[in-house]
Amino acid sequence: MPYIKFNNSMTMWHRFFYSFPIQLFILHLRKNLLFVGLWFLMIWIALGNFGKVLGIPYLFLDPEYLNEVSWVGFFMMGVGIAVFTMAFHMTTYIIDGSRFKFLAVVNKPFLHYCFNNLVFPLVFYIIYIVAFVNFQLNNELENEWIVLRFFIGFSAGSLITYMLLFTYFKFTNKDFFVLFADSVDKRLKKTRIPRANVMQRYKEGLKLEGQVETYLGTDFSIRMARPDLARFDRKKLLRVFDQNHLNMLIIQLVLVGFVLLMGIFMDREWLQLPAALSATLLLAILMMLIGAISFWLRSWTTFVLIALVVVFNVFSKTEFFNRPHTVYGLDYETDPAPYNLERLNQLLHDDTVAKDKQHTISMLENWKKGLGEEKPRMVIITTSGGGQRAALWTLNVLQEVHKVTDGHLFRHCKLISGASGGMVGAAFFRELYLRSLSDPLMDLTSQEYQKQLASDNLNPIIFTLLVNDLFIRNQYFEYDGRRYLRDRGGAFENQLNKNTLGVLDKPISAYRIPEFEGIIPLMPITPLVINDARKLYIAPHSMSYMAISQHRIAEEREKSQGIDFIRFFRDQDAENLRFISALRMGATFPFITPNVQLPSSPRMETMDTGLSDNFGIRDAFRFMHVFRHWIRENTSGVLLLTIRDSEKLMEIEHKSTPSILEKLVIPLKNIYTNWDNVQTLNNETLFNFMRETMPFPLERVEFEYATKDFVRQRSLLFESRGESRQEELEIERASLNWRLTAKEKRSILDNIQSFQNQKSLKRLSELFGESSGF
Numbered sequence: 224m225p226y227i228k229f230n231n232s233m234t235m236w237h238r239f240f241y242s243f244p245i246q247l248f249i250l251h252l253r254k255n256l257l258f259v260g261l262w263f264l265m266i267w268i269a270l271g272n273f274g275k276v277l278g279i280p281y282l283f284l285d286p287e288y289l290n291e292v293s294w295v296g297f298f299m300m301g302v303g304i305a306v307f308t309m310a311f312h313m314t315t316y317i318i319d320g321s322r323f324k325f326l327a328v329v330n331k332p333f334l335h336y337c338f339n340n341l342v343f344p345l346v347f348y349i350i351y352i353v354a355f356v357n358f359q360l361n362n363e364l365e366n367e368w369i370v371l372r373f374f375i376g377f378s379a380g381s382l383i384t385y386m387l388l389f390t391y392f393k394f395t396n397k398d399f400f401v402l403f404a405d406s407v408d409k410r411l412k413k414t415r416i417p418r419a420n421v422m423q424r425y426k427e428g429l430k431l432e433g434q435v436e437t438y439l440g441t442d443f444s445i446r447m448a449r450p451d452l453a454r455f456d457r458k459k460l461l462r463v464f465d466q467n468h469l470n471m472l473i474i475q476l477v478l479v480g481f482v483l484l485m486g487i488f489m490d491r492e493w494l495q496l497p498a499a500l501s502a503t504l505l506l507a508i509l510m511m512l513i514g515a516i517s518f519w520l521r522s523w524t525t526f527v528l529i530a531l532v533v534v535f536n537v538f539s540k541t542e543f544f545n546r547p548h549t550v551y552g553l554d555y556e557t558d559p560a561p562y563n564l565e566r567l568n569q570l571l572h573d574d575t576v577a578k579d580k581q582h583t584i585s586m587l588e589n590w591k592k593g594l595g596e597e598k599p600r601m602v603i604i605t606t607s608g609g610g611q612r613a614a615l616w617t618l619n620v621l622q623e624v625h626k627v628t629d630g631h632l633f634r635h636c637k638l639i640s641g642a643s644g645g646m647v648g649a650a651f652f653r654e655l656y657l658r659s660l661s662d663p664l665m666d667l668t669s670q671e672y673q674k675q676l677a678s679d680n681l682n683p684i685i686f687t688l689l690v691n692d693l694f695i696r697n698q699y700f701e702y703d704g705r706r707y708l709r710d711r712g713g714a715f716e717n718q719l720n721k722n723t724l725g726v727l728d729k730p731i732s733a734y735r736i737p738e739f740e741g742i743i744p745l746m747p748i749t750p751l752v753i754n755d756a757r758k759l760y761i762a763p764h765s766m767s768y769m770a771i772s773q774h775r776i777a778e779e780r781e782k783s784q785g786i787d788f789i790r791f792f793r794d795q796d797a798e799n800l801r802f803i804s805a806l807r808m809g810a811t812f813p814f815i816t817p818n819v820q821l822p823s824s825p826r827m828e829t830m831d832t833g834l835s836d837n838f839g840i841r842d843a844f845r846f847m848h849v850f851r852h853w854i855r856e857n858t859s860g861v862l863l864l865t866i867r868d869s870e871k872l873m874e875i876e877h878k879s880t881p882s883i884l885e886k887l888v889i890p891l892k893n894i895y896t897n898w899d900n901v902q903t904l905n906n907e908t909l910f911n912f913m914r915e916t917m918p919f920p921l922e923r924v925e926f927e928y929a930t931k932d933f934v935r936q937r938s939l940l941f942e943s944r945g946e947s948r949q950e951e952l953e954i955e956r957a958s959l960n961w962r963l964t965a966k967e968k969r970s971i972l973d974n975i976q977s978f979q980n981q982k983s984l985k986r987l988s989e990l991f992g993e994s995s996g997f
């Protein structure tokens, strides 16, 4: 192919505008906006402007594989982004390649197409590399040379992927002058439907093709697009594109088949890809699927897509597509539990409520007897939701509290209530405490437990979503002799079980005796029932008194506020419910883990506790109210220990004038951002009411993960020393996720040093330390 020689009549602008890269760029903006949108989504994520609160950018900038951020994870990200890039090239080539008929007579047409189609991929690669390098340099690495290893790993992953794919195309894609072998002719004759489709595309391309005068060669030279195509047979030109499309279809089928194959072996830990890689592969498959539909259906694409959505929506109502997302331990084979108002009222009979209350009083008596004090102080712990951030923060606080009180506070704790991740952290500490009672050498404050709980729990969830939940769930998991369909909720449980070395893998009934004897506090898990907004109280003991008032008047038609799980699902083997499943039910974040369906008729469905009571305050106050007389007569009062993963007293921020688009989303944004404040204000009202009306002393000690307050305190400290250390004041709040970066973990653990938290530790030391006489 001759090199282009420019003459005076061709202006620089003309040469630039009608070059192949610019014409492809314009074509994508004009015709392939959806694909362009995927690139902008990836760029937005890399810049940290999309899903930052949920930690989505960190999945890409800090990929974790086998609980470690290493060059291997970045190598995989290199592979994933290369696959996504090639999906973009192949899809757009199949759809639009025939518009540029000069490619048919170019040596290695697809390679040249990719080389000229690099505007969007190249911009993303530059932004992504700069972003992850900057992120890693500020992520508390041992040394900066590690970042170079990450870069080499990422580069190697991309380069190897490109080399393999282009080697395949080198031996399968032929240009016009070598495409003559009978074997190729036979392959093409067998694909009449795509041939007819491509022929139509080619004819349309003759009408729609924009002018292309130059293109980039693979040696970076500027070459002239061949203008003398009229002398070539149109059908022979078509065969080039036709054969290229066939080879690319094979690549697409191999990728989808590979994903499905991984689903068969998804239990293998080494196969569980980084979450960002799973998401990238999903976007690549989505892009190729859209491209394939568009290629085959052409002008019918929109109609057929709408028809498919309608048909799928109709068939989605069938039993096959509505197999429940189960929890492990329950019996789904027996007759479902009747779920109606009549049965709910029967289970909350006055005698039943009184019986459950008396049973709990027996537990309170055992707890008091075990302490050996005439009037001990009762401690109730509440902990807020917030994913792994809240779990690690709760564990950290409980460890520090255990240290400063020499273990006395947890002995005085009778109830733990809360939501989501906070309950995961509290449950882990409670189990460790129970084990320490029979193992005096066990150090409950060991940082090893923090590492276990902070280990990645997101990769298996997203990986299972990719290889299993998006397709047809057909694999089973066995627990205690029963088989359950696998899903990403089960992946969450199994990973949490691995991270915590199996200490929580037991049925809820395993805690019945320790709770009854008062050795460990009660800890009901309270997911929200979507069907009627009631709470589901999951505990080894019936707690019907938490669901309705004991001295209610029938004429007032009081609506019950909760459902006693152990009694409601007794025939479905409720006591055998896996404890980790219960924790998962209370921490069901939308779209990350699926809503759980329980064996009832109609089917009961649950989701995250945080939607109704993210801080566990209401359950704590209800427990105090129910047993207020016993508490008054047998204790010296109640200490409410609250563990928040959010800042309670926040400055009122100045808001800039919103744009028209911002005004459209502000109402929903205000609901989301103020939900924490709404619950906090309601809890403040309840606390003041309880403190004024309860017949016993009520004190509160608060811990909060508050980065802004911590920064303000450090700033004041540096100013008092006459120092200026602004770089040390940049503390970014950990994301709401089930995976934390090293920097986020350090932010959470260091926050115990804030003025407010240290003040709370000091107060607890005064109440329960050695000087208190306990």
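Throughout the sequence shown, residue numbering follows my numbering, covering 224 to 997 in sequence. Even for Gly, the Cβ is constructed at its ideal location relative to N, Cα and C. In this text, all values refer to a predicted model and were calculated from it rather than measured experimentally.
I need the boundaries of the alpha helix (DSSP H) containing residue i, first residue and last residue.
i	result
E316	For clarity, residue 316 is Tyr in the given sequence; the question names Glu instead. 294-319 is the extent of the alpha helix (DSSP H) around Y316.
Y351	342-360
K982	978-991
M665	Where M665 is concerned, there is no enclosing alpha helix (DSSP H), given that its DSSP letter is neither H nor E.
M586	573-594
I529	524-538
F201	Outside the modelled stretch of the chain, which goes from 224 to 997, sits residue 201, for which no answer is possible.
L439	No alpha helix (DSSP H) contains L439, which is instead part of the beta strand (DSSP E) from 437-439.
R566	564-570
Y336	332-339
F325	Where F325 is concerned, there is no enclosing alpha helix (DSSP H), given that its DSSP letter is neither H nor E.
K721	711-722
E556	Note, E556: premise wrong, no alpha helix (DSSP H); not H, not E.
R969	965-973
I761	Careful: I761 lies outside any alpha helix (DSSP H) and carries neither H nor E.
Judging by CA-CA distance, which residue of the options is the nearest neighbour of residue i?
i	options	result
K358	R986, E925, E967	Looking at the sequence provided, one finds Phe at residue 358 rather than Lys. For F358, the nearest C-alpha among the options comes from E967.
L289	R986, K393, K721	K721
V647	A805, S824, M847, P332	A805
A714	D703, Y699, V726, R705	Y699
F373	P286, A310, T390, T384	P286
N563	P825, L727, M265, H312	P825
G741	A507, Q981, L657	L657
G296	A379, V328, T930	A379
Q675	F802, V259, T811, E291	E291
Y555	P280, Y707, L250	Y707
S765	G785, H635, R757, A756	G785
F283	W519, A498, D868	A498
V482	T832, A965, G303, R867	G303
Does residue i pass the burial test, meaning 16 or more other C-beta atoms within 10 Å, or should it be called exposed?
i	result
F307	buried
P918	exposed
W898	exposed
T880	exposed
L360	exposed
R845	buried
W236	exposed
S242	buried
W294	buried
V746	Looking at the sequence itself, residue 746 is Met, so the reference to Val does not match. M746 should be labelled buried.
T525	exposed
M769	buried
K324	buried
Q673	buried
In terms of residue numbering, what span does the beta strand (DSSP E) encompassing residue i cover?
i	result
R546	Neither: R546 is in no beta strand (DSSP E) and is coded neither H nor E.
D787	785-787
Q820	819-821
E922	921-927
V602	601-606
M447	445-447
Round the Cβ separation of residue i and residue j to the nearest angstrom and send it over; I've been treating them as touching at under 8 Å.
i	j	result
G610	N837	Not really, about 12 Å apart at Cβ, beyond 8 Å.
(request) Scan the segment 832-891 and note each continuous alpha helix (DSSP H) run of 4 residues or more that stays entirely inside, going in chain order. (result) Given a length threshold of 4 residues, each whole run of the alpha helix (DSSP H) inside the segment 832-891 is given here in chain order: 833-836, 840-849, 851-857.
(request) Could I get the ranges of all uninterrupted alpha helix (DSSP H) runs contained in the segment 236-294, with 4 residues as the minimum, in chain order? (result) 243-254, 256-269, 279-284
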